[in-house]
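The numbering of the sequence shown is UniProt numbering, which starts it at 1 and goes up by one.
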Amino acid sequence: MEWMMERVGHPEKSINAIHIAGTNGKGSTLSFLRELLQAQGCTVGTFTSPYIVRFNERISMNGEPISDEHLSNLVERVKPVAEELAKTPLGEPTEFEVITAMSMMYFADQSPDFVLYETGLGGLYDSTNIIHPTVSIITNIGKDHMNILGDTYEQIASEKAGIIKKGVPVICGAKQPEAIQVIRDKADEEGAEMFLLGEQFHASHTTSSKAGETFQYDSKDDGTLSLISGMKGVHQVDNASLAVKTMDVLRRKGWSFDRDLYAEAIKETKWPARFETVLDDPVVIIDGAHNEEGTKALVETLKSHYEDKRITLVYSALEDKPVRRMLEILSEVVDCAYMTTFDFPRALSANQLKNLSPIEQTTGVEDYEQAIEQAVSQVDPDDLLLVTGSLYFISEVRKYFESKRNIW
Numbered sequence: 001m002e003w004m005m006e007r008v009g010h011p012e013k014s015i016n017a018i019h020i021a022g023t024n025g026k027g028s029t030l031s032f033l034r035e036l037l038q039a040q041g042c043t044v045g046t047f048t049s050p051y052i053v054r055f056n057e058r059i060s061m062n063g064e065p066i067s068d069e070h071l072s073n074l075v076e077r078v079k080p081v082a083e084e085l086a087k088t089p090l091g092e093p094t095e096f097e098v099i100t101a102m103s104m105m106y107f108a109d110q111s112p113d114f115v116l117y118e119t120g121l122g123g124l125y126d127s128t129n130i131i132h133p134t135v136s137i138i139t140n141i142g143k144d145h146m147n148i149l150g151d152t153y154e155q156i157a158s159e160k161a162g163i164i165k166k167g168v169p170v171i172c173g174a175k176q177p178e179a180i181q182v183i184r185d186k187a188d189e190e191g192a193e194m195f196l197l198g199e200q201f202h203a204s205h206t207t208s209s210k211a212g213e214t215f216q217y218d219s220k221d222d223g224t225l226s227l228i229s230g231m232k233g234v235h236q237v238d239n240a241s242l243a244v245k246t247m248d249v250l251r252r253k254g255w256s257f258d259r260d261l262y263a264e265a266i267k268e269t270k271w272p273a274r275f276e277t278v279l280d281d282p283v284v285i286i287d288g289a290h291n292e293e294g295t296k297a298l299v300e301t302l303k304s305h306y307e308d309k310r311i312t313l314v315y316s317a318l319e320d321k322p323v324r325r326m327l328e329i330l331s332e333v334v335d336c337a338y339m340t341t342f343d344f345p346r347a348l349s350a351n352q353l354k355n356l357s358p359i360e361q362t363t364g365v366e367d368y369e370q371a372i373e374q375a376v377s378q379v380d381p382d383d384l385l386l387v388t389g390s391l392y393f394i395s396e397v398r399k400y401f402e403s404k405r406n407i408w
């Protein structure tokens, strides 16, 4: 990354970035923060992955994906640089490195007030880590990508803590004491002030309703706010609180933000494929939960909002995930299930998933569109259909429901 950035004039140095790492909740925290900043009149760039509907979503301005024209122009600019790099001992850049470089060139050209950068994987060795942010956020620590990041909370936390820079405040939502200690040690080493959810600021969930999650946000430095997260799930209270604390830290750094505008921004925040309702009759919810912690959060949200409903599941997942454990968690609320697959290199077959399922009523259907159609036709109007297992799968499913919008 350093080699490419030097060749294109170090665009990363002109970006006012906020860097977000964490096992789960990066996209939701980023989305809350984007809404909060835009409510203050700021222009906000975002870099996220993976995309849900179109590749262009990964590089966005004020929630609007980059145009095909801008994207094409960036490809033409970065292509000779990538080709030149491939001829050096460093070797060919990865696709993610190229996309990251393109995003930095784009945001340097556009000059937004803030750019929110979501890490791709881990933090320490992630290509986004070339930035020197204004604030760093570590949403939480969970067990995912263990073949790369390590299989203990300490090892994973060490990778995520790699985004902490000298003197840059870090906002953290980690829960495990051993993970917190690793992050705290890194913050101390870098002279970075650390704000930990549960210590310097608190979030108390009060009620779940159709409107979302009502909670109390309390900061020792900045006072109390009563807020409602429009995104459902108690875990979203933590994500929203991390975003609010980031705003308050930015206020301390000199930004004139009006706290009275926070509530509406938090209430209006949406993020595709995170407990998203894509059909009302019957109710169909899609969710990108793809690891153990994410699946637990999904089940808790279902219990809070749809405890009285019979739930049918359509499920697909990748081979490097703890699928049996995730299905065991889902079996707490699921009555019957359709295991399916989709066109992706690591996707398990419907039959493989069926053999892993502890849900008594499990059917295997290779074609996911057929699985959804069967499930929709058999779900009672008062019940619920849940589609989950992989963000890559949900990307395909969301496009499928968009194409059927005028039929169902």
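Beta carbons are placed, not taken as given, at the ideal position from N, Cα and C, and that holds for glycine.
Would you grab the beta carbon distance between residue i and residue j for me? Rounded to a whole angstrom, and I think it's under 8 Å.
{"i": "H290", "j": "L391", "result": "6 Å"}
{"i": "I99", "j": "T246", "result": "That pair is no contact at about 24 Å."}
{"i": "L348", "j": "V323", "result": "7 Å"}
{"i": "N239", "j": "G25", "result": "5 Å"}
{"i": "K220", "j": "Q200", "result": "6 Å"}
Consider the C-beta atom of residue i and the heavy atoms of the ligand NAP; say whether any pair is separated by less than 7 Å.
{"i": "T134", "result": "As for the ligand NAP, it is missing from this structure, which has no ligand bound."}
If I follow the unbroken beta strand (DSSP E) through residue i, where does it start and stop?
{"i": "H19", "result": "17-21"}
{"i": "G27", "result": "No beta strand (DSSP E) contains G27, which is instead part of the alpha helix (DSSP H) from 26-39."}
{"i": "Y315", "result": "311-315"}
{"i": "G294", "result": "It is not in any beta strand (DSSP E) - G294 instead sits in the alpha helix (DSSP H) that spans 292-305."}
{"i": "M4", "result": "It is not in any beta strand (DSSP E) - M4 instead sits in the alpha helix (DSSP H) that spans 2-7."}
{"i": "F47", "result": "44-47"}
{"i": "I59", "result": "59-61"}
According to the Cβ coordinates, are residue i and residue j closer than 8 Å?
{"i": "L90", "j": "W3", "result": "yes"}
{"i": "P112", "j": "V168", "result": "no"}
{"i": "L298", "j": "D308", "result": "no"}
{"i": "Y262", "j": "V283", "result": "no"}
{"i": "Y51", "j": "S357", "result": "no"}
{"i": "K160", "j": "G198", "result": "no"}
{"i": "A317", "j": "L279", "result": "no"}
{"i": "S72", "j": "E118", "result": "no"}
{"i": "A337", "j": "I372", "result": "no"}
{"i": "M231", "j": "S14", "result": "no"}
{"i": "M194", "j": "A101", "result": "no"}
{"i": "V170", "j": "A187", "result": "yes"}
{"i": "T312", "j": "D281", "result": "no"}
{"i": "E97", "j": "S60", "result": "no"}
{"i": "Q374", "j": "V387", "result": "no"}
{"i": "E276", "j": "I266", "result": "no"}
{"i": "G120", "j": "E293", "result": "no"}
{"i": "I20", "j": "I183", "result": "no"}
{"i": "D248", "j": "D218", "result": "no"}
{"i": "I329", "j": "T362", "result": "no"}
{"i": "D383", "j": "R310", "result": "yes"}
{"i": "T224", "j": "Q216", "result": "yes"}
Using CA coordinates, which residue listed in the options is at the minimum distance from residue i?
{"i": "Y306", "options": "G288, S209, L348", "result": "S209"}
{"i": "T340", "options": "V314, M326, T29", "result": "V314"}
{"i": "L116", "options": "T43, I52, L71", "result": "T43"}
{"i": "F32", "options": "V53, T139, I130, Y125", "result": "T139"}
{"i": "R34", "options": "L242, V376, L384, D218", "result": "L242"}
{"i": "N355", "options": "I163, M104, R325", "result": "R325"}
{"i": "I130", "options": "T388, E178, T295, I163", "result": "I163"}
{"i": "E213", "options": "S229, D222, F201", "result": "S229"}
{"i": "I180", "options": "Q155, K166, E264", "result": "Q155"}
{"i": "L37", "options": "W255, Q176, I137", "result": "W255"}
{"i": "E319", "options": "A350, G9, E190, V397", "result": "A350"}
{"i": "P93", "options": "M1, R184, Q110, E332", "result": "M1"}
{"i": "P272", "options": "A192, R184, F401, S219", "result": "F401"}
{"i": "L149", "options": "Y125, K166, E12", "result": "Y125"}
{"i": "Y106", "options": "R58, K165, E369, P345", "result": "R58"}
{"i": "C40", "options": "V53, A21, D258, I137", "result": "One detail in the question is off: residue 40 reads as Gln in this sequence, not Cys. Closest option to Q40, Cα to Cα, is D258."}
{"i": "M104", "options": "E84, R77, V397, E83", "result": "R77"}
{"i": "E190", "options": "L250, K166, T207, F342", "result": "K166"}
{"i": "D343", "options": "L327, N56, V333, D367", "result": "D367"}
{"i": "R252", "options": "D185, V135, S226", "result": "V135"}
Could you check where the alpha helix (DSSP H) with residue i kicks off and where it finishes?
{"i": "F401", "result": "391-403"}
Of all Cβ atoms in chain C, is any one closer than 8 Å to the Cβ of residue i?
{"i": "L74", "result": "The chain inventory of the structure shown lacks chain C, comprising one protein chain alone."}
Entirely within the stretch 321-389 and at least 3 residues each: give me those beta strand (DSSP E) ranges in chain order. With a minimum length of 3 residues, the continuous beta strand (DSSP E) runs that stay inside the stretch 321-389 are 334-341, 361-367, 384-388.
Can you list the beta strand (DSSP E) stretches of 3 or more residues lying completely in the stretch 222-286, in chain order? For the stretch 222-286, the full-length beta strand (DSSP E) segments reaching 3 residues or more read 223-229, 276-280, 283-286 along the chain.
Taking only runs of the alpha helix (DSSP H) that begin and end inside the stretch 137-212, which ones reach a length of at least 4 residues, in chain order? Within the stretch 137-212, the complete alpha helix (DSSP H) runs of at least 4 residues fall at 146-149, 153-160, 177-190.
Could you tell me which whole alpha helix (DSSP H) segments of length 4 or greater appear in the stretch 64-143? Within the stretch 64-143, the complete alpha helix (DSSP H) runs of at least 4 residues fall at 68-86, 95-110.
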